[in-house]
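K.L.:
Each residue of the sequence shown is one higher than the one before, starting from 41 at the first, in our numbering. All C-beta atoms in this analysis are idealised placements derived from N, C-alpha and C, irrespective of residue type, glycine included.
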Amino acid sequence: MAISVTLIDTDSYEVVVDGQHETTHRVHMSQHYYRQLCGGTVTQEWVIVQAFRFLLEREPNTSIMRTFDLPVIGQYFPEFENDMADRLGMR
Numbered sequence: 041m042a043i044s045v046t047l048i049d050t051d052s053y054e055v056v057v058d059g060q061h062e063t064t065h066r067v068h069m070s071q072h073y074y075r076q077l078c079g080g081t082v083t084q085e086w087v088i089v090q091a092f093r094f095l096l097e098r099e100p101n102t103s104i105m106r107t108f109d110l111p112v113i114g115q116y117f118p119e120f121e122n123d124m125a126d127r128l129g130m131r
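#1: Tell me which residue opens and which closes the beta strand (DSSP E) that glutamate 62 is part of.
#2: Answer with buried or exposed for asparagine 101, where buried requires no fewer than 16 other C-beta atoms within 10 angstroms of its C-beta.
#3: For methionine 130 versus glycine 79, is the C-beta distance shorter than 8 Å?
#4: Quick one: residues in its chain with C-beta nearer than 7 Å to the C-beta of valine 155, no 5 flanking neighbours on either side, listed in chain order?
#5: Are the CB atoms of proline 111 and tyrosine 73 within a distance shorter than 8 Å?
Below is the structure:
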């Protein structure tokens, strides 16, 4: 599945997941949370792409919330931040 990320406002991104059914999502990621996840070593867009890859390994794109703050993923999947550390080269 192709994942495209576009900055639409300060700390807000539009994410389009092109699969069997295309979906569009609006995701908020604060600068603080961005630095917490990767220490600023990769782009914000790359962090969001990796977060969506994480989600797509667990559920179809049609099940992903349409609007959410990135930290909310950890409420549903407690392993999220540890997994992201691996994906983003922080461990």
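P.N.:
This is what the structure gives:
#1: Premise fails: glutamate 62 is in no beta strand (DSSP E) and is neither H nor E.
#2: buried
#3: At a Cβ-Cβ threshold of 8 Å, methionine 130 and glycine 79 count as neighbours.
#4: The structure shown has nothing for residue 155, since the chain only spans 41 to 131.
#5: Judged by beta-carbon spacing, proline 111 lies within the 8 Å limit of tyrosine 73, meaning their Cβ atoms are closer than that value.
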